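Reviewing the structure listed below.
2 protein chains.
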Amino acid sequence: MDLEAFVATKEVVVESEQIASDTASAWDNLLEEIAHRPKRATERKQDRAKRTEQQILNAALRVFARDGISRSRIADIAAEAGISTSTLYEYYKSKEDLAYDVPLSHLADFFESYHANAASRTSARERLLLYLVMSADYAREHAEWARLLYLEIWPSVFVSDTELRHSIDDFTRVILFLVKEGVAEGWVAPDRNPYETVALLIGGVNQLIITWLLYRKPKNLTRAGTEMAERLIAMLENEVRR
Amino acid sequence: MDLEAFVATKEVVVESEQIASDTASAWDNLLEEIAHRPKRATERKQDRAKRTEQQILNAALRVFARDGISRSRIADIAAEAGISTSTLYEYYKSKEDLAYDVPLSHLADFFESYHANAASRTSARERLLLYLVMSADYAREHAEWARLLYLEIWPSVFVSDTELRHSIDDFTRVILFLVKEGVAEGWVAPDRNPYETVALLIGGVNQLIITWLLYRKPKNLTRAGTEMAERLIAMLENEVRR
DNA sequence: TATAAAATCGACGTTTTATCGGAAAATATT
DNA sequence: AATATTTTCCGATAAAACGTCGATTTTATA
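Protein sequence lines, in the order shown, are assigned to chains A and B. Throughout the first sequence, residue numbering follows the UniProt record's numbering, covering 1 to 242 in sequence. Throughout the second sequence, residue numbering follows the UniProt record's numbering, covering 1 to 242 in sequence.
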């Protein structure tokens, strides 16, 4: 091997390391950004008020999950939170406003939890698998929240430009990112529209979660989520090898 | 070939014809039942009243699609229909009641239209493909209706036991039926949970429709729906050949 | 502990939902 | 055709839920 060839080889290696590093940092940046997004604009000054805010959110989650958003009354939520109706209005200007804020903290919690667990996974394939599995499992663990998000808010939230909408957009962006990396890694067909692939993945898992929320079937959502996630990814891999 | 063998062969043939015929009639029965399900319990006696009912439904569809169900007011719908608020209550006992009735007629129309188109398809594979493609295409053709159904009602309707819920259950049952037939036909993996397969199919297509309703992307929903449906079925077929 | 800011609440006005009794229109009966 | 009966429609109004405001209490801070 002459010098020129050696240098060229070395350059290629360096370049590929550079790319890998870029990708890695892009991934970290994405998760960083997403985990930090959900933050209420108005910060309460007193401890008491912070407690009140939390009580409102907890109460709202319970009442919304029990009665459904449209049937829930502000007065009930306030009573459940142990405050007066007018105090609640000090925190949220309408029921809609409140409904859009309730799922946020759990969503942030999910992202954080995923971020921690994903650290040990290096390939996009592993990361995507974990993401889908954790989505289902998180819904099982927080059924009230999931009921609210998946059955009442998810599709319709997009109509208006809320903080929650951005968070759900983030949820999609993560998958899109991993699908594109999957193409780079060679296990996702490059000639498929990545948005279509994302729709397929999210749709499949969400439909599974929705079915569970409604009928508590399949009995074991964690197992079913894993099965579905593995199946979806295997299907994508099958598309490549031909 | 001796007589006994001949008889045996003949019996087998007869038996298999019998099965095929049973399956065919099961399919027809299913579609028949489904197409005829959506019917209001209370039938109006006067023509004028039937017109009024139609005007209410049309007005409700427009207003709901424009403002969203929760923001829509009964008074607006009544005005749009050219009747008084109290007359509207003569027809529907609440806004919720109305919201659940609005999508029904289109859904029945879809089933009917599918029934007509599916007649020429003999295999479950072709029938399923048509079903998924037509779902997407029907949403494109009736965007207001689709917006109401997919973004506002579909997930949450299951909470209560309504006529609409049964219709949406029917929508699922058709797919489940075809998936099971697909196993019999040999192009769907028999070791997969058919409910999981159904979730995957519905989820993928619905997610595509939802994305289109929200962002009008992909631009051409008919084409994207066809692509998605073909891809999903190809994926199922890929699972078998290994 | 005095003070200003923040948070809470009860009273009350507004909007939306829902009911009711009778008028008007359509249909049935003679 | 005239009248009785049923069906449909609507104005008035009650009931319920939403949302506001000023007075009062609590908290943070100096």
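The beta carbon of each residue, even a glycine, is placed where N, CA and C say it ideally should be. Note that the coordinates shown come from a computational prediction; the quantities given were computed from them, not determined experimentally.
By the 16-neighbour rule on beta-carbons within 10 angstroms, B/P190 is exposed.
For the set B/A108, B/R44, B/L130, B/V133, the Cα lying nearest the Cα of B/I168 is the one of B/A108. Cβ neighbours of B/A75 within its own chain (closer than 8 Å, five residues either side excluded): T85.
Annotation for B/I209: the continuous alpha helix (DSSP H) segment containing it runs 194-215. The beta carbon of A/E237 sits closer than 7 Å to those of W187, all from its chain and outside the five residues before and after it, given in chain order. The Cβ neighbour count for B/D170, taken over all protein chains shown within 10 Å, is at least 16; the residue is labelled buried. Residue-level contact by beta carbon holds for A/G204 and chain B, with a gap shorter than 7 Å.
Taking 7 Å as the CB threshold, B/E144 stays off the interface with chain A. Between A/K50 and the set A/Y195, A/D22, A/E90, A/Y114, the nearest pair of CA atoms involves A/E90.
Around the CB of B/N193, fewer than 16 other CB atoms lie within 10 Å, so the residue is classed as exposed.
Taking the CA atoms as reference points, B/I175 sits about 30 Å from B/R62. For B/G225, the three-state secondary structure derived from DSSP is helix.
The segment 145-153 of chain A makes contact with the segment 209-229 of chain A: 3 or more CB pairs, one atom from each, lie closer than 8 Å. By a beta-carbon distance limit of 8 Å, B/R140 does not contact B/L208. Their separation comes to about 11 Å. Taking a C-beta distance under 7 Å as the contact criterion, B/L130 and B/L178 do not qualify as a contact pair.
Within chain A, the residues P155 have their CB atoms less than 8 Å from the CB of B/Y150, given in chain order.
At a cut-off of 7 Å, the C-beta of A/Q46 has no neighbouring C-beta in chain B.
Residues of the segment 217-233 of chain A that bring their beta carbon within less than 9 Å of a beta carbon in chain B comprise K217, P218, A224, E227, M228, R231, L232, in sequence order. Per DSSP, A/Q54 is one residue of the alpha helix (DSSP H) stretching across 47-67. Closest by C-alpha distance to B/A60, out of B/E80, B/Q46, B/R48, B/D47, is B/E80. Closest by C-alpha distance to A/E227, out of A/V240, A/G204, A/E239, is A/G204. Counting every other CB atom within 10 Å of its CB across the protein chains shown gives B/R71 a total below 16, marking it as exposed.
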